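Per the working numbering, residue 372 is the first one in the sequence shown, and the count goes up by one each step.
Where a beta carbon is used, it is the ideal one built from N, C-alpha and C, also for glycine.
Since we're looking at a predicted model, the values are computed, not measured.
Notes for the one structure printed next.
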Amino acid sequence: MTVTGSRGRRERLRVETTAEIKSVALALMASGGPDAITLRAIAREMGMTANAIYGYFATRDDLVTVLVNDVYTALADAVDTAWAATTDADPAVRIEAWANAFRRWALVNPQGFRLIYGDPVPGYQAPEGGPAPDAARRVCTGLTALAAAAWPHARHRYEDSAFDWSDFDPGLLDKVRPAFPDLPPAAVALALRIWGHLHGLVSLEVYGHLRTQTISPEKLFGEELAQLVRTLGIPRRH
């Protein structure tokens, strides 16, 4: 085997082992909660020594950061793709496409959803700027885009809103104001309310709380979206 071939094989094995480490970490979290993610537990599951694991991730926090970035980026890709596949001429369809993509991703990736939006990993120290700043910005601006799409139809419903810019976290404003400079504070508050509608039902479904309540969670989510669109005053084009 040539030196180049040997190096290529080592690189492939490293990529494969890294992917397995991340997969095992998510499986451990699914069965034992966020505090089950430890390098020693992963090494035990994979039949490796703890020292061997440290050759891939120097600390548990390094692994968690990579996991969060991976799953958050996958979510951002899913909702961005759904949004891009629609037209701004029909805001109701755009909102529903984004929301349904969010739900589908969460159901296919429940451990990833829990890692991003569930209980924090005990003791985890995120790097400065967060573990997935680009993905967080994309999802945040995506949610604000839902409110921006609805705002021409909904603004008259929020004329008495008491929100001003001081009511929001500066980190949130750093993400949304450059992307939507014409939106007022009331529209940003609307984006958070839309987020509450979507996140609430999806969380109940991911965590299994709807399982004994309805056999039609998709229908429930669909009707919630339809009601949301009506509440926002968006006309239907079909």
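The alpha helix (DSSP H) enclosing residue i, as first and last residue numbers
| i | result |
| --- | --- |
| GLY571 | 556-577 |
| VAL617 | This structure gives no information on residue 617, because the portion of the chain shown stretches from 372 to 609. |
| GLU499 | No alpha helix (DSSP H) holds GLU499; DSSP gives it neither H nor E. |
| GLU416 | 410-417 |
Helix, strand or coil at residue i [DSSP, three-state]
| i | result |
| --- | --- |
| GLY379 | helix |
| ASN422 | helix |
| PHE592 | helix |
| HIS524 | helix |
| LEU581 | coil |
| GLY483 | helix |
| GLY513 | helix |
| GLY542 | helix |
| PRO405 | helix |
| ARG607 | coil |
| TYR488 | helix |
| ILE586 | coil |
| PRO552 | coil |
| GLU467 | helix |
| ALA390 | helix |
| PHE534 | coil |
| PHE624 | What is shown of the chain runs 372 to 609, which leaves residue 624 out entirely. |
| PRO493 | coil |
| TYR427 | coil |
Own chain, CB closer than 7 Å to residue i, minus 5 neighbours either side, in chain order
| i | result |
| --- | --- |
| LYS546 | ARG508, CYS511 and THR512 |
| THR389 | TYR427 |
| THR585 | LEU591 |
| TRP566 | LEU514 |
Supposed contact pair residue j and residue i - C-beta distance, whole angstroms, cut 8 Å
| i | j | result |
| --- | --- | --- |
| LEU410 | TYR425 | 7 Å |
| PHE349 | ALA506 | The requested residue 349 is not part of the displayed model; the chain covers only 372 to 609. |
| ALA445 | ASN480 | 7 Å |
Same chain, Cβ closer than 6 Å to residue i, five either side skipped, listed in chain order
| i | result |
| --- | --- |
| PHE534 | PRO556, ALA557 and ALA560 |
| LEU478 | none |
| LEU575 | LEU581 |
| LEU465 | The displayed chain sequence assigns Arg, not Leu, to residue 465. If we look at ARG465 and ignore the five residues flanking it on each side, its Cβ neighbours are THR457 and ALA520. |
| GLY483 | VAL442 |
| LEU397 | GLN482 |
Same chain, Cβ closer than 8 Å to residue i, neighbours up to 5 away in sequence not counted
| i | result |
| --- | --- |
| LEU637 | The displayed coordinates of the chain run from 372 to 609. Any statement about residue 637 would go beyond what the structure contains. |
| VAL395 | ILE413, GLU416 and MET417 |
Heavy atom of the ligand NAD within 8 Å of residue i beta-carbon
| i | result |
| --- | --- |
| TRP454 | Inclusion of the ligand NAD in the displayed structure is not the case, the ligand content being empty and no account of it being possible. |
Inter-stretch contact at 8 Å, needing at least 3 Cβ pairs: the region 569-576 / the region 460-478: yes
Is the region 445-457 close to the region 583-600, with three or more CB pairs under 8 Å? no
Quick one: any contact between the region 483-490 and the region 415-423, if contact means 3 or more CB pairs under 8 Å? no
Touching by the beta-carbon criterion (3+ pairs, under 8 Å), the region 429-437 and the region 492-501: yes
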